[in-house]
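Notes for the one structure printed next.
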Amino acid sequence: MDLIFDPLMQYGALGLFCLFLISQFILQNKKIDKQNEKFTKSLEDLRKSHLEREEALRAEYHAQNNLLRTENENIKQNHAEIFAQFRSHVTNAHGHHKEQMGKLRTAIQLVLDEDRNWRQEEKLRMVKRGELV
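Residue numbers (our numbering): 117 to 249.
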């Protein structure tokens, strides 16, 4: 340090002014370094805060997504059960309808057979009475 101060002291007021400027430069650099450190720290804190909020939002998004996925699967399962029940009802109704149609067909066939028998018997009676030649 003496190597710097001794020559500057020989210049008198100009040397003192140079010492003042050097000290101001050093102090300003220290001040700028402190401000830079504060800024860097606040920027880092802001980045951490942002990352924490982002992670919280991601967690909430994933939770909601999983909830919606579960609800969707439940709805699909409920629809599948409802459609299976509907299909069963339709199949049963179709079977019942077929059964009823079979009974109706049998009843109609019996009525037609009875009618045919009655007509034949009527013709035979008419022939016996001589009404039909």
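Where is the CB? At the ideal position from N, CA and C, for every residue including glycine.
- Judged by beta-carbon spacing, L137 lies beyond the 8 Å limit of L124, meaning their Cβ atoms are not closer than that value.
- Look at G128 here: in three-state DSSP terms it is coil, with no helix or strand label.
- Within the model, the alpha-carbon separation for F202 versus N208 is close to 10 Å.
- Annotated three-state conformation of E215 is helix, per DSSP.
- Secondary structure at E238: helix, using DSSP grouped into helix, strand and coil.
- Shown here, E153 sits in a helix according to DSSP, grouped into three states.
- In the structure shown, E247 adopts coil according to DSSP, grouped into three states.
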